[in-house]
Amino acid sequence: MLADVIEIIVKGLVLALLLLGAGAYLTLLERIFLAWFQLRIGPNRVGPWGLLQPIADGIKLISKERFQPLGVNKFAYWLAPGISLFIALFVFSVIPFGDNVHLFGREISLRIADINVAIVFLLAFSSLAVYGIVLAGWASNDRYSLLGGLRGTAQMISYEIPMGLSVLTIILATGSLSFTDIVNAQRDHWFVWTNPVSFIIYVMTAFAETNRSPFDLPEAEHELTGGYHTEYGGLKFSIFFLSEYINILAVSSIAITLFLGGWLGPWDIPVLWFLVKLFLFVFLFVWVRATMPRFRYNQLMSFGWKVLVPIATINLIITAYFTMVR
Amino acid sequence: MMKKTLLKVLSMFSGLLIVLKYMFKKPVTISYPEKKRKLPLRSRGRHYLTKWEDNKERCVGCELCAIVCPSQAIYVKPAQNNPEDPNSHGERYASDFQINMLRCIFCGYCEEACPTGAIILGNEYELSGYDRESLIYTKDMLTEKFPGESGRDPKREI
Numbered sequence: 049m050l051a052d053v054i055e056i057i058v059k060g061l062v063l064a065l066l067l068l069g070a071g072a073y074l075t076l077l078e079r080i081f082l083a084w085f086q087l088r089i090g091p092n093r094v095g096p097w098g099l100l101q102p103i104a105d106g107i108k109l110i111s112k113e114r115f116q117p118l119g120v121n122k123f124a125y126w127l128a129p130g131i132s133l134f135i136a137l138f139v140f141s142v143i144p145f146g147d148n149v150h151l152f153g154r155e156i157s158l159r160i161a162d163i164n165v166a167i168v169f170l171l172a173f174s175s176l177a178v179y180g181i182v183l184a185g186w187a188s189n190d191r192y193s194l195l196g197g198l199r200g201t202a203q204m205i206s207y208e209i210p211m212g213l214s215v216l217t218i219i220l221a222t223g224s225l226s227f228t229d230i231v232n233a234q235r236d237h238w239f240v241w242t243n244p245v246s247f248i249i250y251v252m253t254a255f256a257e258t259n260r261s262p263f264d265l266p267e268a269e270h271e272l273t274g275g276y277h278t279e280y281g282g283l284k285f286s287i288f289f290l291s292e293y294i295n296i297l298a299v300s301s302i303a304i305t306l307f308l309g310g311w312l313g314p315w316d317i318p319v320l321w322f323l324v325k326l327f328l329f330v331f332l333f334v335w336v337r338a339t340m341p342r343f344r345y346n347q348l349m350s351f352g353w354k355v356l357v358p359i360a361t362i363n364l365i366i367t368a369y370f371t372m373v374r
Numbered sequence: 006m007m008k009k010t011l012l013k014v015l016s017m018f019s020g021l022l023i024v025l026k027y028m029f030k031k032p033v034t035i036s037y038p039e040k041k042r043k044l045p046l047r048s049r050g051r052h053y054l055t056k057w058e059d060n061k062e063r064c065v066g067c068e069l070c071a072i073v074c075p076s077q078a079i080y081v082k083p084a085q086n087n088p089e090d091p092n093s094h095g096e097r098y099a100s101d102f103q104i105n106m107l108r109c110i111f112c113g114y115c116e117e118a119c120p121t122g123a124i125i126l127g128n129e130y131e132l133s134g135y136d137r138e139s140l141i142y143t144k145d146m147l148t149e150k151f152p153g154e155s156g157r158d159p160k161r162e163i
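Chains E and G, in that order, give the protein sequences. Okay, so the first sequence: first residue is 49 according to this note's numbering, each after it adds one. Okay, so the second sequence: first residue is 6 according to this note's numbering, each after it adds one.
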């Protein structure tokens, strides 16, 4: 009993620390890839191949002034970055990284929790992620932050519907909500080959959920005026920044688990294939950011409601038909 | 109608492939302190006071460069040449010649105005210093040690 608790605590700690480090180094990876796409070299001065650059950025952000603007709602203002980071990290508690391994004389499963309603859990928690943005925008006592936060929230909420619909097709294909069953059902063929439309819809909504290009208007507004993290500086801003990159890892992990066979691969090595697929997804995120201009806000909303929701619904109906017929 | 939207979607994918192609091209960045760009011969850098082949200075102290300089960065003090030991080929020479590198805009007007081709702008551009006094270049710093040190041909007419 105690051993179980210690196992979960240790797994959680390891995962959280690894994710925070991965989030920081993802910024470096993005800068390097963006530079290669633009015919330049990324940061290579700070350490060998720029490997100490995220540490330098972290030190810079931590050493900035810790301020609180006049008239903010203190509780929500200081809570909002914490909510973003917590939700981004918490999503990883159900993602399977592999089967069971034998370590220290125990059988350890390479996931923190194996709940049998994992998909519902995930959809619920990704909906909670909007709280960080809307609280930050509203608590900042700044009209531009408010508008930026509201726009980001509306975007994230409206793109959750096609996301849920595309995930529903996977549930129909396996008949189970648990991630372990979904990964095991992909041992013969991955779901990306049988449900390609769902995969494409899921990837597009994943871009919108994480506020990444081409849907990064809430993020780009701070190039123009406000945006939900205007009134945040130093460490609070770095928490928002980090939670955005960990969110990228989170939606990529969900996509890999649902569509690309999780940790399965030749010889079923537990963590390695997961990391390879994660790397490819991160590359896709950076590649799209380097290529596409961003949507205007009305184009973004009409794309979500008028294009993605009908296509996702029709896809769901067709998948349900094929599931029932077979 | 469907065909047009399909073509638009496919063009997005071809755009992605074009950007991917750029990833495999050689970057155009020059890694600066390790590699430096070779500047064209006419580039305007640090000034030099050149000499004739017989080691006499070309500068005759006419102060035309100081007059034409748009930022008034040059100070010339002319003096009479000693007939036994002349410094230049004329009657005057510049006994004091200072250029304030912080005021100089490297336009090259002094090089164009000089009648003897004394002051020329070389290719050196890494001219930083730690205080303002060190960036006022004196005549010793500006004159070349031997004819041709600045890279210009000492046999040229101007």
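All C-beta atoms in this analysis are idealised placements derived from N, C-alpha and C, irrespective of residue type, glycine included.
Residues in its own chain within less than 8 angstroms of residue i by CB, not counting five upstream and five downstream?
i: Leu158/E; result: Pro144, Phe145, Gly146, Asp147, Asn148, Val149, Trp311, Pro318 and Val319
i: Lys61/G; result: Pro91, Asn92, Ser93 and His94
i: Phe343/E; result: Pro262, Phe263, Leu265 and Phe351
i: Leu82/E; result: Gly90, Val334, Arg337 and Ala338
i: Met204/E; result: Ala177, Val178, Ile181, Ala256, Glu257 and Asn259
i: Glu155/E; result: Asn148 and Val149
i: Ser155/G; result: Tyr53, Thr55, Ile125, Gly127 and Glu149
i: Thr201/E; result: Val178, Ile181, Val182 and Gly185
Out of the options, point me to the one whose CA is closest to residue i's CA.
i: Tyr80/G; options: Pro38/G, Arg108/G and Asp90/G; result: Arg108/G
i: Ile80/E; options: Met372/E, Pro102/E and Asn259/E; result: Pro102/E
i: Phe102/G; options: Thr55/G, Lys41/G, Val24/G and Tyr135/G; result: Thr55/G
i: Glu138/G; options: Arg47/G, Met146/G and Asn105/G; result: Asn105/G
i: Thr253/E; options: Glu155/E, Tyr73/E, Thr278/E and Ile359/E; result: Ile359/E
i: Pro38/G; options: Glu78/E, Asn92/E, Phe85/E and Leu67/E; result: Asn92/E
i: Phe140/E; options: Val53/E, Ile167/E, Ser224/E and Pro210/E; result: Ile167/E
i: Phe331/E; options: Glu154/G, Ala78/G, Leu25/G and Val14/G; result: Leu25/G
i: Gly185/E; options: Glu279/E, Ser175/E and Gln347/E; result: Glu279/E
i: Lys30/G; options: Gln116/E, Glu155/E and Trp84/E; result: Trp84/E
i: Leu68/E; options: Asp52/E, Ala136/E and Tyr192/E; result: Ala136/E
i: Gly153/E; options: Val240/E, Trp321/E, Ile56/E and Ala51/E; result: Ala51/E
i: Gly309/E; options: Asp236/E, Trp97/E and Arg199/E; result: Asp236/E
Pull up the DSSP beta-bridge partners for residue i, would you.
i: His52/G; result: Leu126/G
i: Pro83/G; result: Ala99/G
i: Asn148/E; result: Ser157/E
i: Tyr142/G; result: Ile104/G
i: Glu62/G; result: Lys56/G and Ser93/G
i: Thr148/G; result: Leu54/G
Are residue i and residue j close, meaning C-beta to C-beta below 8 angstroms?
i: Tyr293/E; j: Gly71/E; result: yes
i: Met349/E; j: Ser206/E; result: yes
i: Glu68/G; j: Pro91/G; result: no
i: Pro262/E; j: Val336/E; result: yes
i: Ile218/E; j: Asn259/E; result: no
i: Phe307/E; j: Trp353/E; result: no
i: Gly197/E; j: Val182/E; result: yes
i: Thr126/G; j: Glu116/G; result: Here residue 126/G turns out to be Leu, not Thr, going by the sequence shown. It is a contact, given that the beta carbons lie within the stated cut-off.
i: Leu297/E; j: Leu326/E; result: yes
i: Asp357/E; j: Ile248/E; result: Checking the sequence, you will find Val at residue 357/E rather than Asp. No, these two residues do not count as a Cβ contact at 8 angstroms.
i: Pro120/G; j: Glu58/G; result: no
i: Leu118/E; j: Gly282/E; result: no
i: Leu87/E; j: Pro45/G; result: no
i: Val299/E; j: Leu225/E; result: no
i: Tyr114/G; j: Cys74/G; result: yes
When you compare only the Cα positions, how much space is there between residue i and residue j?
i: Ser36/G; j: His52/G; result: 26 angstroms
i: Ser214/E; j: Phe123/E; result: 36 angstroms
i: Gly106/E; j: Ser286/E; result: 8 angstroms
i: Phe138/E; j: Ile302/E; result: 13 angstroms
i: Lys150/G; j: Tyr27/G; result: 49 angstroms
i: Glu96/G; j: Tyr135/G; result: 38 angstroms
i: Ile362/E; j: Met211/E; result: 14 angstroms
i: Phe370/E; j: Leu364/E; result: 10 angstroms
i: Glu131/G; j: Arg49/G; result: 12 angstroms
i: Gln85/G; j: Ala99/G; result: 9 angstroms
i: Ile23/G; j: Met340/E; result: 12 angstroms
i: Thr10/G; j: Met17/G; result: 11 angstroms
i: Tyr250/E; j: Ser19/G; result: 21 angstroms
Short of 7 angstroms in beta carbon distance, which residues of its chain neighbour residue i, apart from the five on each side in sequence? Order them along the chain.
i: Thr305/E; result: Ile143, Pro144, Phe227, Ile230 and Val231
i: Lys59/E; result: Ile160
i: Arg161/G; result: Gly122
i: Ala104/E; result: Val94
i: Ala64/E; result: Leu137
Please go through the same chain and pick out, in chain order, the residues whose beta-carbon is closer than 6 angstroms to the beta-carbon of residue i, but skip the five residues on each side of it.
i: Thr367/E; result: Thr217 and Leu220
i: Gly180/E; result: Ala128, Ile131 and Ser132
i: Ile110/G; result: Ser76
i: Ser291/E; result: Ser132, Leu133 and Ala136
i: Leu74/E; result: Tyr293
Could one say the Cβ of residue i lies closer than 8 angstroms to chain C's Cβ atoms, at least one of them?
i: Ile89/E; result: Chain labels in this structure do not include chain C; the protein chains are E and G.
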